[in-house]
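Residue numbering for the sequence shown follows the working numbering, beginning at 1 and increasing consecutively. Using N, Cα and C, we set each Cβ at its ideal position, and we do this for glycine too.
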Amino acid sequence: MINASLKEMAAALAAKKISSVELTQLFLARIKSLNPDMNAYITLDEARTLAQAKLADARIANGDITPVTGIPFAQKDIFCAKDWRTTCGSRMLENFIAPYDAHVISQFDHAGAVNLGKTNMDEFAMGSSNETSYFGKVKNPWDRERVPGGSSGGSAAAIAARLCAAATGTDTGGSIRQPASLCGFTGLKPTYGVVSRYGMIAFASSLDQAGPMAKSAEDCALMMNVMAGFDERDSTSLQRDKEDYTRDLNKPLAGLKIGLPKEYFAEGLSAEVAKVVQDAIAHYRKLGAETVDISLPNTRLSIPVYYVIAPAEASSNLSRYDGVRYGHRAAEYTDLLDMYCKSRAEGFGAEVKRRILIGTYVLSAGYYDAYYLKAQQIRRLIAQDFEEAFKHCDIIMGPSAPGTAFKIGEKADDPVAMYLQDIYTIAVNLAGLPGMSIPAGFANKLPVGLQIIGNYFDEARMLNVAHAYQQQTDWHKQMPEGIA
Ligand code: GLN
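If you want it as structure tokens, here you go:
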């Protein structure tokens, strides 16, 4: 059952071959044995989880079934879940019990899914290795000396080690796609505005977007049907008709035009990763797709632009953690200002502080025009690069990350090397486009992801493109050794 697709799990539940309580217990037992070493989950609450599974079984008995009823999912600890501790990977929220559900959480609840627990992540989703979490590093199940990627590293390890049926993540600059690449599974960052950000702890609001992380594209499509949709509580949620994201699965790919950006195959990309990605693209040609060379000329500016805009928004979003209403408060202080300073100094880790400093600097009166305004202008040019590219192709392909999973500690002291992890993913967030990563093979026994970038709202087509490949290859079915 641990390798089953969501469809297979749902069929087994409907046929009463297994109950939701049994399925949930199966995953809880795996978590008990593997999580102490893996550290994929920050918070588990077995009683609450099993109570939800019981409710799901009652729904199934009544025939009140959705495609995810009774299936246990892991939730990134960035989503507020009522009565669950919700930490966002930070000491600041170490003891925060969420008083309400994020939209994403309530969508899963309404569909009858089971919440297995809250997964580890980089502090406030800032990072690419899960090493900035206050709750400790997460190990990559493919090689436990290596990082799982980040910031959704806990969800990533939980899928790779089969500690959940599937999981949620968020992607501000690559945090679904880069861990999907490093841990060998399928992840989708939807078009900005498709999934409500209500109750999702804010990092950089104009870039943050939640999405599914799962074993296959088909599973991601089913999860998108749960997660996506208009929500008036998020002012950037888009008012669009409900979509069925599985509708295009199984469409033939003949005639599909795949754009290959020359900037994504240039210096900085590991030769082994390039080879795997090229082989995957060759497979698409066999499936009837054509490839065209394209250019995204401002790619190299995406990292500097992101590291102005994201910290600027973060510095504003994180100003709410003042020790007054909720979150960490220093035990001793002399006056109000001292309380603010000490609470924030103690509650935030080094990377978060670095971003607050950068963000405050680029927004300050003397530097706003030189940095923040300039970055916004280049952001527009980056979006225009894609607009131009999509005149010549239907979909864009390239690597998801420049290399495979790196050693724990290897880049921890070099922020710029860490930031470069997202060189192929960040522009997609800046443009608000959908992007996904699917397993395409291995380099030195470590998984490699193929990135698929679509035009706005083209998720159903992207999922079809990924699904067609997964019908003919079994990279997405491979499991790390020693976790079965
Ligand atoms: N690695 C990037 C950062 O550190 C992106 C993180 C994310 O997508 N949440 O900001």
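Cβ-heavy atom distance, residue i to ligand 1, below 7 Å
i      : result
PHE27  : no
SER175 : yes
SER316 : no
GLN376 : no
THR170 : yes
GLN75  : no
GLN421 : yes
MET213 : no
PHE406 : no
GLY409 : no
SER206 : no
ALA310 : yes
GLY349 : no
SER151 : yes
ALA125 : yes
PHE442 : no
PHE203 : yes
SER343 : no
SER128 : yes
Beta-ladder partner(s) of residue i, from DSSP
i      : result
LYS215 : Looking at the DSSP assignment, LYS215 forms no beta bridge with any residue, so it has no partner.
THR404 : In DSSP, THR404 forms no bridge with anything.
PHE79  : MET200
GLN451 : GLY398, SER437
ALA74  : GLY117, ALA167
GLY187 : MET213, SER437
THR291 : ILE258
Exposure label - residue i; buried when at least 16 CB within 10 Å
i      : result
LEU207 : buried
CYS341 : exposed
SER319 : exposed
ARG285 : exposed
ARG380 : exposed
GLY482 : exposed
THR191 : buried
ARG523 : This structure leaves residue 523 out entirely; the chain is present only between 1 and 484.
ASP474 : exposed
LEU188 : buried
VAL465 : buried
HIS103 : buried
ALA365 : exposed
VAL324 : exposed
ALA61  : exposed
GLU131 : buried
HIS110 : exposed
ILE258 : buried
LEU430 : buried
LEU450 : buried
LYS215 : buried
GLN384 : exposed
ASN3   : exposed
ASN250 : exposed
ILE408 : buried
Beta carbon of residue i nearer than 8 Å to that of residue j
i      : j      : result
PHE265 : ALA165 : no
LYS139 : MET38  : yes
PRO399 : VAL305 : no
MET213 : SER152 : yes
PRO402 : GLY184 : no
LEU260 : MET397 : yes
GLU263 : LEU301 : no
LYS137 : ILE42  : no
GLN178 : GLN421 : yes
ARG162 : MET479 : yes
SER20  : ALA53  : yes
LEU13  : GLY70  : yes
ARG91  : TYR134 : yes
ALA484 : ALA310 : no
LYS16  : THR170 : no
THR87  : THR49  : no
GLU351 : MET126 : yes
LEU463 : ALA221 : yes
PRO321 : ARG344 : One detail in the question is off: residue 321 reads as Tyr in this sequence, not Pro. The answer is yes: Cβ separation under 8 Å.
GLY211 : VAL195 : yes
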